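These notes are about the structure you will find just below.
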Amino acid sequence: MSDSDHLLAWLQDWYAQQCDGDWEHEWGVKIATLDNPGWTVEIDLEETDLEGREYPRQDVNRSTQDWVWAWTAEKTFHAACGPGNLSEALTLFRTWATTTTP
């Protein structure tokens with residue numbers, strides 16, 4: 263299994279753990295494309311264990327095609343990234359979500 267497969271399996275498991283008969287009707291995970299080109303990710307944190315946590319904005323700009331930005335706002339984890347950086351953006355979420363805060 264590749265790292266990307268493991269990452270998607272982890273995201274699927276995280277999503278399934280949030281689904282309780284109510285959460286999935288109002289909240290979820292959205293992955294879409296940008297026209298510059300790139301990706302956007304929005305992961306709702308409302309009513310999850312991550313709801314009160316903050317991810318300070320992180321901008322990594324390597325080139326016009328190789329970049330990733332991530333932050334939390336309004337109980338949502340946001341990421342935007344270049345066309346080849348979707349796994350990197352989702353890994354930032356996984357690392358943050360699985361790190362225990364003091």
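Here my numbering runs 262 ahead of the position in the sequence shown, where the first position is 1. Using N, Cα and C, we set each Cβ at its ideal position, and we do this for glycine too. Small disclaimer: the values here were computed from a predicted structure and weren't measured.
For residue i, the nearest candidate out of the options (CA to CA)
i      : options                        : result
Trp331 : Asp284, Leu352, Cys281         : Leu352
Ile293 : Gly346, Met263, Ala342         : Ala342
Leu273 : Thr302, Asp284, Trp333, Val291 : Val291
Glu308 : Gly283, Ala278, Phe339, Val322 : Phe339
Ser266 : Glu350, Phe355, Thr362         : Glu350
Asn298 : Asp328, Glu313, Trp289         : Asp328
Trp358 : Tyr317, Ser264, Ala335, Ala271 : Tyr317
His268 : Arg356, Thr362, Thr361         : Arg356
Thr362 : Gly344, Pro345, Arg315, Ala335 : Arg315
Gly344 : Asp284, Leu296, Leu270         : Leu296
Ala278 : Thr310, Met263, Ser264         : Thr310
Local Cβ density within 10 Å of residue i, reported as buried at 16 or more and exposed below that
i      : result
Leu354 : buried
Length of the line joining the Cα atoms of residue i and residue j
i      : j      : result
Trp301 : Asn347 : 8 Å
Asp282 : Asp275 : 13 Å
Gln280 : Val322 : 29 Å
Trp289 : Val303 : 13 Å
Thr360 : Thr326 : 30 Å
Trp285 : Ala335 : 19 Å
Close beta carbons around residue i, own chain, < 8 Å, minus the five adjacent residues each side
i      : result
Lys337 : Asp306, Leu307, Glu308, Glu313
Whether residue i touches residue j by CB criterion (8 Å)
i      : j      : result
Arg319 : Trp333 : yes
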